[in-house]
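Just below is one structure, and these are the notes that go with it.
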Amino acid sequence: MSTTRSGAATAAPDGVVPAVGPSPFTHSHSDAGERAVRDRVYAALASVRDPELDRPITELKFVSSCEVSGGHVRIRLRLPTYFCAPNFAYLMVVDALDAVEAVPGVVGAEVRLEDHFAADEINAGAARRAGFQETFPGEAVDELAELRRTFRRKAHQAALERACRGLLAAGRTLDDLPDVRLGALPRSPETDGLLRRRAGLGLPTDPDARLLVDEDGTPIAAADVPLRLRFAKAVRVSIDANTQYCSGLLATRYPES
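The structure is reproduced here in structure tokens:
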């Protein structure tokens, strides 16, 4: 199964709530309890991220509709192209289902992918918790776990480059960076994003932890800093460009978005 994709939307900086237009939510009545469940469901969906673009599916406008009624939730997802890679699509459907089912007040949830060539298989597999290998027989059992890990590493590299770029703009030098600790970073959406991505890789997030470490926690040597930052910048630019490209595809496919 290909792990390439064509698929997603305009990027807002980490921690910034984007303007997403009309809400995809509908609900049967507007009592306070129902509205509270609706708000919690939306917050849960906002925690689900496109694995490659590292953006919430709500920000990317992948949530086309969400109906909340009596604790039952029905969600419809859409992607930028009909042929977005099934493994990416499966991850987002399952992650959305897990997130919504964990919301207090939700007694039942259905998440369905629409307008995708493998939608029937993905929807059926996710609904019965079959797993990716059973849903798509013949695929490597560890494919999705390794895919997640790969994109978490890339997201960390991009976030690290953003943090270092901010430090350099504030007057730090490349020679300073190996000794910088997390506690020296300014409070900002970029710092929050870096800490979240470190946590996702199992890296320390305490104030005394080194900023410049690779994905297994090994400190980056001073001599390697310029090359590593150039590589991290290339990763960050690639993610940002892919997000913009996917935004255009989604807007073309769904002009109302």
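Position one of the sequence shown corresponds to residue 259 (my numbering), numbered consecutively onward. Ideal Cβ placement from N, Cα and C applies to all residues, glycine included.
Beta-carbon spacing of residue i, residue j below 8 Å
| i | j | result |
| --- | --- | --- |
| L426 | L469 | no |
| V352 | A384 | yes |
| V483 | L432 | yes |
| R298 | V361 | yes |
| Y348 | F390 | yes |
| R336 | Y503 | no |
| V306 | A354 | yes |
| V365 | H414 | no |
| E372 | I333 | no |
| A416 | R494 | yes |
| F341 | E310 | no |
| A302 | V358 | yes |
| T393 | L507 | no |
| L459 | E473 | yes |
| P519 | I478 | Residue 519 falls outside the range modelled here, since the chain spans only 259 to 515, and no answer is possible. |
| R455 | R410 | yes |
| M350 | D308 | yes |
Residue i (DSSP reduced to helix, strand or coil)
| i | result |
| --- | --- |
| A266 | In this prediction, A266 scores a pLDDT of 39, lower than 50, which makes its location untrustworthy; no coordinate-derived value is stated. |
| S323 | strand |
| V495 | helix |
| P465 | coil |
| P280 | Below a pLDDT of 50, predicted positions are generally treated as unreliable, and P280, at 47, falls in that range; no measurement from the model is reported. |
| P513 | coil |
| P314 | strand |
| R439 | strand |
| P338 | coil |
| P344 | helix |
| R407 | helix |
| L507 | helix |
| N307 | One detail in the question is off: residue 307 reads as Arg in this sequence, not Asn. Residue state, collapsed to three classes: strand. |
| P444 | coil |
| N500 | helix |
Where the alpha helix (DSSP H) through residue i begins and ends
| i | result |
| --- | --- |
| E292 | A290 to A304 |
C-beta neighbour in chain D for residue i, strict 8 Å
| i | result |
| --- | --- |
| R454 | Annotation note: the requested chain D is absent from the structure, which comprises a single protein chain. |
Segment limits, beta strand (DSSP E) that includes residue i
| i | result |
| --- | --- |
| L453 | It is not in any beta strand (DSSP E) - L453 instead sits in the alpha helix (DSSP H) that spans P447 to G458. |
| R334 | H330 to L335 |
Legend entry - Contained alpha helix (DSSP H) runs [length at least 4] in the stretch 350 to 400, N- to C-terminal order: 377 to 385 and 390 to 393
Inset, instruction - Answer yes if the stretch 484 to 495 comes into contact with the stretch 447 to 467, meaning at least three C-beta pairs across the two stretches below 8 Å, and no otherwise. - result: no
Inset, instruction - Would you check if the stretch 317 to 326 and the stretch 375 to 383 touch, i.e. whether three or more CB-CB distances between them fall below 8 Å? - result: no
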